[in-house]
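In terms of our numbering, the sequence shown opens at residue 133 and continues consecutively. Backbone N, C-alpha and C fix where the C-beta goes; we use that ideal spot for every residue, glycine too. Being a predicted model, the structure only gives us computed values, none of them experimental. Encoded as structure tokens, the structure appears first; notes follow it.
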Amino acid sequence: LFPMPDQFSPAERSRIMRAVKSGDTTPELIVRRLVHGLGFRFRLKNRVLPGSPDLVLPRLGKAIFVHGCFWHRHACAAGQSTPAARADYWQAKFDRNVLRDRSNLRKLRRLGWSVLVVWECQTGVRKRQMLQRRLVRFLDG
133 LFPMPDQFSP AERSRIMRAV KSGDTTPELI VRRLVHGLGF RFRLKNRVLP GSPDLVLPRL
193 GKAIFVHGCF WHRHACAAGQ STPAARADYW QAKFDRNVLR DRSNLRKLRR LGWSVLVVWE
253 CQTGVRKRQM LQRRLVRFLD G
């Protein structure tokens with residue numbers, strides 16, 4: 133198969149990519165609401181810690197990352213798609229993301245933190261109860 137040319141100009145593609153949010157995403161807000169509703173208080177984006185976890189509970193020594201399936205390459209369908217245009221570029225980018233995530237998790241654990249990764253696909257309406265139980269087990273354990 134031949135790679136498809138990008139249908140947008142470089143300037144337009146740049147504008148589109150700049151609009152992709154890195155924080156306060158819907159999955160992140162869902163996890164925040166659930167954790168808060170369980171009675172836990174947390175800090176957001178502690179930039180001192182490796183990887184800047186999305187939620188940090190310092191007194192418990194726990195950190196939560198909320199990862200987008202596409203960007204962080206989850207095993208679900210959304211995490212397996214790769215843009216056809218410039219596939220080599222995207223694959224290299226995804227590989228760097230995955231390596232950086234692994235490295236950050238390792239560093240946090242070495243520092244004594246318990247870490248939970250919540251994937252975007254796990255925040256859906258039908259999976260909310262299962263996610264809440266998972267959060268309870270993590271935060272109470």
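Can you tell me which residues form a DSSP beta bridge with HIS199?
Under DSSP, HIS199 shares a beta bridge with TRP251.
Reference PRO190, options VAL247, SER235, TYR221 and GLN261, closest by Cα:
Nearest option by C-alpha distance: VAL247.
Cβ shell of VAL198 (< 6 Å), same chain only, five flanking positions each side left out:
These residues qualify, in order along the chain: PRO159, GLU160, VAL163, ASP186 and VAL250.
Could you tell me which uninterrupted beta strand (DSSP E) segments, each at least 3 residues in length, are contained entirely in the region 154-229, listed from first to last along the chain?
List check, beta strand (DSSP E) in window: 187-189 and 194-199.
Where do the N-terminal and C-terminal ends of the alpha helix (DSSP H) with ALA143 fall, by residue?
It spans 142-150 - the alpha helix (DSSP H) in which ALA143 sits, taken as one unbroken run.
Taking only the alpha-carbon atoms, compute the straight-line gap between ILE196 and VAL188 and give it to the nearest angstrom.
When rounded, the distance between both Cα atoms is 6 Å.
Taking the DSSP output, what are the residues bridged to SER246?
DSSP lists LYS194 as the beta-bridge partner residues of SER246.
Which same chain residues end up closer than 6 Å to ARG173 when comparing Cβ atoms and leaving out the 5 residues on each side of it in sequence?
Once the five neighbours on either side are set aside, ARG173 has no close Cβ partner at all.
Which value, in whole angstroms, describes the spacing of the CA atoms of ARG242 and ARG232?
Our two residues, ARG242 and ARG232, have alpha carbons roughly 15 Å apart in a direct line.
Euclidean distance between Cα positions of SER141 and LYS177:
Taking the straight line from one Cα to the other gives about 34 Å.
So LEU240 and LEU181 are in contact, right, with Cβ under 8 Å, and what is the actual spacing, rounded?
Indeed they touch by this definition, with Cβ atoms about 6 Å apart.
Quick check: what's the CA-CA separation for GLN223 versus SER213?
The alpha-carbon atoms of GLN223 and SER213 are separated by roughly 10 Å.
Secondary structure of GLN261, DSSP reduced to three states
In the structure shown, the three-state DSSP call for GLN261 is helix.
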